[in-house]
Amino acid sequence: MLLPIRTSIYPRRTPYANYFLIAANIIVFFLSYYPHRIGNDTFVLRSWAYIFQLFPAQPLVFQFVTYAFLHSGYGHILGNMYFLYLFGNNVNDKLGNIGYLCFYLAGAVFSGLGHSMLHIEAIPVLGASGAVAAVTGAYLVLFPNTLITVIYWLFFIGTVEIRALYFIAFKLIFWDNVLQKEFSDSNIAFDAHLAGYFSGIIMILALLATRLIQPDFNDLWSMIRQWNRRRRFRDVTSDGYDPHKGGRFKSVASTVRSSTPVSPEQEKIAQLRADISRAMSNRLASQAARLYLKLMDIDPSQILPRQLQLDIANQLMSESQWLQSAHAYEGFLAQYADYEFSEQVHLMLGLLYGRYLNRPQDALTQLHKAEDRLRDPGQKNLCRQEIERLEKA
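Counting along the sequence shown from 1, when you hit position 289 you're at 311 in this note's numbering, and nothing is skipped either side.
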């Protein structure tokens with residue numbers, strides 16, 4: 023048995039919309055819940071609430087929203103509200119109150135549509151599970167590398183930290199709703215859950231791709247883009263072509279043969295650079311970051327190819343290695359000052375200086391460089407807020 027109990031991040035602002043939704047669900051539950059029997063049939067709702075369930079065979083438009091605020095028992099609503107609180111607070115923080123409220127209701131609608139397309143029987147559906155699944159799918163996309171603390175018990179009880187990407191994808195989606203669907207004969211609406219998860223994932227990916235939500239280098243969309251850039255780089259360089267210099271790579275062996283003998287330190291540097299590139303190409307970002315730190319111990323002036331240097335800096339930041347990440351960003355800006363999105367790197371470096379390294383003047387320098395060039399409203403607003411905070415301190 024696995025039960026998530028907390029995440030490694032907390033919202034920066036009070037998630038009022040999520041609290042409102044939790045309160046609304048609880049209030050509607052107590053107003054509508056009334057288990058009773060009429061003849062041989064058992065009902066869990068008061069008579070006035072019956073019409074607000076979703077009837078897949080003949081749905082009414084409003085039912086695609088109202089069904090998500092009804093529940094069939096205390097365990098049903100407690101489970102849904104627990105997961106909504108656990109994952110919804112940070113999603114609310116990212117989307118804002120109005121955006122989050124619209125997203126939640128859209129998740130309920132898409133979940134209901136998905137269930138209705140696959141089930142045309144007259145059995146009504148109720149519960150916030152589909153909408154909560156959409157919120158959980160959004161958390162997977164927005165915060166895939168955060169850690170979820172999970173209680174497990176079998177013969178003994180303990181806790182373990184699991185990355186959100188793996189826990190949500192494999193435990194909540196695959197295990198709880200794909201495998202269990204095959205072996206369970208309960209009346210759980212598994213297809214509504216799956217429709218909720220996938221609609222939440224797709225909606226957030228679309229918002230990130232269109233920059234209606236600003237990517238922050240650590241979300242799933244940014245991970246996909248980084249993987250694609252590494253794939254293209256690997257394809258281009260597979261025949262020895264160096265896209266950064268317009269020529270071909272020289273192997274270490276040919277360099278040794280055609281020039282003066284290299285020192286053991288130079289050989290070690292060349293080997294580490296090759297190992298870093300290989301690890302990143304194989305999507306072993308943490309391993310690549312560790313190899314990079316070894317390279318810095320030998321020669322802090324080493325700079326990797328442009329995208330690789332940026333990927334390493336982002337990875338170090340995601341691992342909360344603030345000083346090392348700042349050094350990697352500094353090296354990137356020094357070597358690749360003409361990078362078309364350098365203002366975003368200045369912004370990241372300014373945030374690192376101001377929030378984590380206690381270097382307010384350096385932070386202001388970087389933030390002012392970024393402020394005028396930033397085009398994304400969210401990034402520009404974040405930059406200005408940080409400048410105001412530092413100038414007031």
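Backbone N, C-alpha and C fix where the C-beta goes; we use that ideal spot for every residue, glycine too. Just so it is clear, the structure is predicted and the values come from calculations on it, not from any experiment.
Residues bridged to residue i [DSSP beta-bridge criterion]
i    : result
R461 : Residue 461 falls outside the range modelled here, since the chain spans only 23 to 415, and no answer is possible.
L53  : L53 is not bridged to any residue.
P26  : V172
T64  : R59
T181 : I173
V5   : Residue 5 falls outside the range modelled here, since the chain spans only 23 to 415, and no answer is possible.
Cα-Cα separation, residue i to residue j
i    : j    : result
V200 : S244 : 27 Å
P81  : V131 : 12 Å
V113 : A160 : 7 Å
F239 : S340 : 8 Å
V66  : I179 : 35 Å
F220 : I31  : 23 Å
L169 : L369 : 25 Å
T36  : D63  : 44 Å
H93  : L227 : 30 Å
Q293 : L371 : 29 Å
V278 : F177 : Below a pLDDT of 50, predicted positions are generally treated as unreliable, and V278, at 43, falls in that range; the measurement from the model is reported next regardless. Distance between the alpha carbons of V278 and F177: 59 Å.
S133 : L100 : 20 Å
N111 : G152 : 17 Å
Y122 : A39  : 7 Å
A296 : Q346 : 20 Å
P26  : L306 : 26 Å
Q401 : Y56  : 49 Å
Q248 : I173 : 33 Å
V154 : T181 : 24 Å
G149 : S308 : 40 Å
A301 : I320 : 19 Å
L127 : V87  : 7 Å
A359 : R397 : 18 Å
I224 : L164 : 12 Å
M318 : H349 : 10 Å
I49  : P399 : 37 Å
Y361 : I184 : 35 Å
R411 : L386 : 10 Å
A217 : T158 : 12 Å
E365 : L355 : 10 Å
E143 : P78  : 7 Å
A335 : G222 : 29 Å
Element boundaries [beta strand (DSSP E), containing residue i]
i    : result
R328 : R328 -> not in any beta strand (DSSP E); alpha helix (DSSP H) instead, spanning 328-340.
Classification of residue i by the beta-carbon crowding that lies within 10 angstroms, buried from 16 upward
i    : result
S280 : Residue confidence for S280 is low, a pLDDT of 47 falling below 50, so the modelled location carries little weight and cannot support an answer.
C405 : buried
V76  : Here the sequence assigns Leu to residue 76, which means Val is not the residue at that position. When all chains shown are included, L76 counts as buried.
Q241 : For the sequence presented, residue 241 should be read as Asp rather than Gln. Its Cβ being crowded by 16 or more others within 10 Å, D241 is buried.
Q331 : buried
P322 : exposed
H215 : buried
S285 : exposed
N380 : exposed
R377 : exposed
R34  : exposed
F363 : exposed
E287 : exposed
G262 : With a pLDDT of 48 at G262, under the threshold of 50, the predicted position of this residue should be treated as unreliable, though the coordinate-derived value follows. G262 should be labelled exposed.
G61  : exposed
L234 : exposed
G268 : Its pLDDT being 48, under 50, G268 is placed unreliably in this model, and the value from its coordinates should be taken loosely. When all chains shown are included, G268 counts as exposed.
D394 : exposed
E408 : buried
K414 : exposed
L194 : buried
Q388 : buried
V83  : exposed
Boundaries (first-last residue) of the alpha helix (DSSP H) holding residue i
i    : result
G19  : Outside the displayed range of the chain (23 to 415) lies residue 19, so it cannot be described from this structure.
R312 : 307-320
L355 : 344-357
F86  : 85-88
S303 : 286-303
I409 : 399-414
L82  : Segment: none, L82 is in no alpha helix (DSSP H) and carries neither H nor E.
G376 : Unbroken run through G376: none, as it is neither H nor E.
(message) Which complete alpha helix (DSSP H) runs does the segment 187-233 hold, if anything under 4 residues is left out?
(response) Runs found: 202-205, 212-231.
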